[in-house]
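Peer 1: Per the numbering used here, residue 3 is the first one in the sequence shown, and the count goes up by one each step. All residues carry an ideal CB built from backbone N, CA and C; glycine is no exception. As the structure is a prediction and not an experimental result, all values here were calculated from the model.
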Amino acid sequence: MGYWKGSGLSIVLDMIATLLSNGSSVAEVTQENSDEYGVSQIFIAIEVDKLIDGATRDAKLQRIMDFITTAERADDNVAIRLPGHEFTKLLDDNRRHGITIDDSVWAKIQAL
Numbered sequence: 003m004g005y006w007k008g009s010g011l012s013i014v015l016d017m018i019a020t021l022l023s024n025g026s027s028v029a030e031v032t033q034e035n036s037d038e039y040g041v042s043q044i045f046i047a048i049e050v051d052k053l054i055d056g057a058t059r060d061a062k063l064q065r066i067m068d069f070i071t072t073a074e075r076a077d078d079n080v081a082i083r084l085p086g087h088e089f090t091k092l093l094d095d096n097r098r099h100g101i102t103i104d105d106s107v108w109a110k111i112q113a114l
């Protein structure tokens, strides 16, 4: 999964962002702009529910996640992680047990 498609997609997105925002491309930022200002940004919003029903969406996403997480590991002792998965577990834990706050930060909050 990935290989040349990922780098190709990255190049195309850089081209689109550069042209639509008239900002700096990765090449310009890398070669001419050490401060990294005027960089290109693009945001794409897609309402997935208009394209596919929820059950089909969930099944397709689950199949992709299962494919990734059951891949052969480089190290059997290191779990394959997916972006956002640990955040979901952390959010669940925080909702059940509360949020851990450093004592010095809590003191500042209470002083407000």
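(1) Buried or exposed: T20, going by 16 or more other Cβ atoms within 10 Å of its Cβ?
(2) Which stretch, first to last residue, makes up the alpha helix (DSSP H) that contains S36?
(3) Could you tell me whether the Cβ atoms of L93 and M67 are closer together than 7 angstroms?
(4) Note down the Cα distance separating H99 from S42, rounded to an integer number of angstroms.
(5) Quick one: give me the first and last residue of the alpha helix (DSSP H) that L117 is part of.
(6) Taking the alpha carbon of G25 as the reference point, which residue from I13, Y39, Q33 has its own alpha carbon closest?
(7) Buried or exposed: which applies to V80, given that a residue is buried once 16 or more other Cβ atoms fall within 10 Å of its Cβ?
(8) Mind checking V14: buried by the 16 CB within 10 Å criterion, or exposed?
(9) Going by other Cβ atoms of all chains shown within 10 Å of its Cβ, with 16 needed for buried, is V50 buried or exposed?
(10) Would V50 pass as an interface residue toward chain D - the criterion being a Cβ-Cβ separation below 7 angstroms?
Peer 2: Put simply:
(1) When all chains shown are included, T20 counts as buried.
(2) For S36, there is no enclosing alpha helix (DSSP H), as DSSP gives it neither H nor E.
(3) Between L93 and M67, the C-beta gap is not smaller than 7 angstroms, which leaves the two residues out of contact.
(4) One alpha carbon belongs to H99, the other to S42, and they sit about 41 angstroms apart.
(5) No information on residue 117 is available, as it lies outside the stretch 3 to 114 that the chain covers here.
(6) Minimum Cα distance to G25 is reached at Y39.
(7) By the 10 Å Cβ count, V80 comes out exposed.
(8) The residue is exposed, with fewer than 16 neighbouring Cβ atoms inside 10 Å.
(9) Flag for V50 reads exposed.
(10) Here there is only one protein chain, and chain D is not present.
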